[in-house]
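Every letter in the sequence shown is one number past the one before it in our numbering, and letter 211, counting from 1, is 646.
In this text, a Cβ means the ideal position worked out from N, Cα and C, and glycines have one as well.
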Amino acid sequence: MDQVFLEVAQALLPLLIFFGVFQVALLKLPRVYVMNLGRGILVAFLGMVLFLQGVNVAFLPAGREIGEAITAFGHLWLLIPLGFLLGFVATYAEPAVRVLGYQVAESSSGYIKESLIVYTLSFAVAISVSLGMARLVYGIPLLYILIPGYSLVIILLFLTDPEFAGIAFDSGGVATGPMAVTFLLSLAVGVAAGIEGRNPVIDGFGLIALIALAPILSVLALGILYRGTRGEE
436 MDQVFLEVAQ
446 ALLPLLIFFG
456 VFQVALLKLP
466 RVYVMNLGRG
476 ILVAFLGMVL
486 FLQGVNVAFL
496 PAGREIGEAI
506 TAFGHLWLLI
516 PLGFLLGFVA
526 TYAEPAVRVL
536 GYQVAESSSG
546 YIKESLIVYT
556 LSFAVAISVS
566 LGMARLVYGI
576 PLLYILIPGY
586 SLVIILLFLT
596 DPEFAGIAFD
606 SGGVATGPMA
616 VTFLLSLAVG
626 VAAGIEGRNP
636 VIDGFGLIAL
646 IALAPILSVL
656 ALGILYRGTR
666 GEE
């Protein structure tokens, strides 16, 4: 717990210094605003500590144990639909995904719905996690997926609505938040450890790369649909 406190403090301290310098040198915001900012940072600090402690105590060991238990069960094909379900749930519960959806909806004045972004990313990550589980089950090399995937990203950039390009790459970042990195990554490592002939280091990692790729592709594809709809109008 002490280590978590220290890590969160180190993460938030630069922000406090940043706000303090701008407040003294440029902003001169009212005292009430500064007090509200301080309370908000305190709540964020406590929330991050509790969340990270919960992740360390529950998500990391649970993901590994679930992965090893499923492989011991023998029916490895079950990992593919299970990966889809867990990928969807983890992304739907990801706070950063909600923030991105809200920001996109607000910036576009409701033209791009928040729920559309959330569900698009959730389904995209669900597919990528199921693909990652299939990679572990059948021994598919990671580069066989990543190279064609990012090549397709480059092609879609020339076809999508320009408004969606930046959103797409930000989506790849927010989808790889604490839920995915902690639970889904530990699940993949546990699966790799439980399958004979698989190396947890070589085969277990790489899932986050797939999770980061899928939202980019899905949002770019969504931009193509929006461009087509706009063209018909």
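query, result
"Could you give the distance in angstroms between the alpha-carbon of P465 and the alpha-carbon of R474?", "15 Å"
"Per DSSP, what kind of secondary structure is D596 in: helix, strand or coil?", "coil"
"Do you know whose CA, among A610, L587 and E631, lies nearest G509's CA?", "E631"
"Would you list, in sequence order, the uninterrupted alpha helix (DSSP H) runs of no fewer than 4 residues that lie entirely inside the stretch 519-603?", "530-542, 549-573 and 578-592"
"Under three-state DSSP, which class holds D437?", "helix"
"Just to confirm my understanding: we take S621, look at its own chain, exclude 5 residues before and 5 after, and list those with CB closer than 6 Å. What are they?", "L495, G498 and R499"
"Given a cut-off of 7 Å on the beta-carbon distance, is the pair V439 and V484 in contact?", "yes"
"Please classify P650 as buried or exposed, where buried requires at least 16 other C-beta atoms within 10 Å of its C-beta.", "buried"
"Let me confirm a value: D437 is counted as buried when at least 16 other C-beta atoms fall within 10 Å, else exposed. Which label applies?", "exposed"
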